[in-house]
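Residue numbers (the UniProt record's numbering): 1 to 159.
By construction, the Cβ of each residue, glycine as well, lies at the ideal position given by its N, Cα and C atoms.
What follows is one structure encoded as structure tokens, with my remarks underneath.
Printed below as a string of structure tokens:
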């Protein structure tokens, strides 16, 4: 179990799943059928439908950088630090996310390569995303205030 916990982020990426729960059979939260059907060397796998979310584009505006755009599904209650798990970057502490001051026009403006953070506001790791699936709106909550995100977020990787 320790090996699986250490490599959880790797498993999430390679299996292309959104969530991975690892439980012992004697865990109180494990369902009874799992306790009965699991045996050594034969784990019990349970696949469930994903909870609904909206797609947002993660865009890296840095010139001459090996990072690309990536579409990510954001769900209600995601925090900014959860987004780092969706990027294949070894040192996640070097990644910062930025929202546009104008969410409608922001990603459509030609970027200034000298100041890649111009027209953007940094998102804190503790910021929470609010997703309204009916209206197809993604918002972020920071310090009690709610801001619209639009359809994209910029991310920067410090060297």
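**Request:** Measure how close the beta-carbons of residue 99 and residue 56 come, nearest whole angstrom, since I'm counting them as under 8 angstroms.
**Result:** Along the chain shown, read from residue 1 onward, the residue named residue 99 stands at position 99. Along the chain shown, read from residue 1 onward, the residue named residue 56 stands at position 56. Between residue 99 and residue 56 the beta-carbon gap is near 10 angstroms, outside 8 angstroms, which marks them as no contact.
**Prompt:** Is there at least one non-hydrogen atom of the ligand MG closer than 6 angstroms to the beta-carbon of residue 90?
**Reply:** In the structure on display, the ligand MG does not appear, and there are no ligands present to speak of.
**Asked** Looking only at C-alpha atoms, which of 124, 104, 30 and 68 sits nearest to residue 79?
**Response** Residue 79 sits at position 79 when you count from the first residue of the chain shown. Of the candidates 124, 104, 30 and 68, the one whose C-alpha sits nearest the C-alpha of residue 79 is 124.
**Prompt:** Who are the near neighbours of residue 116 in its chain, counting only those whose CB is closer than 7 angstroms to its CB and skipping five residues on each side?
**Reply:** On the chain shown, position 116 is the one that residue 116 refers to. If the five residues before and after residue 116 are omitted, its C-beta is found closer than 7 angstroms to the C-beta atoms of 61, 62 and 156, all from its own chain and listed in chain order.
**Asked** Given that a residue counts as buried once 16 or more other Cβ atoms are within 10 Å of its Cβ, and exposed if not, what is residue 39?
**Response** Start at 1 with the first residue of the chain shown, and residue 39 comes out as number 39. It is exposed - the Cβ of residue 39 has fewer than 16 other Cβ atoms within 10 Å.
**Asked** Secondary structure at residue 157, three-state DSSP: helix, strand or coil?
**Response** Translated into positions along the chain shown, residue 157 becomes position 157. In the structure shown, residue 157 falls within a strand segment according to DSSP collapsed to helix, strand and coil.
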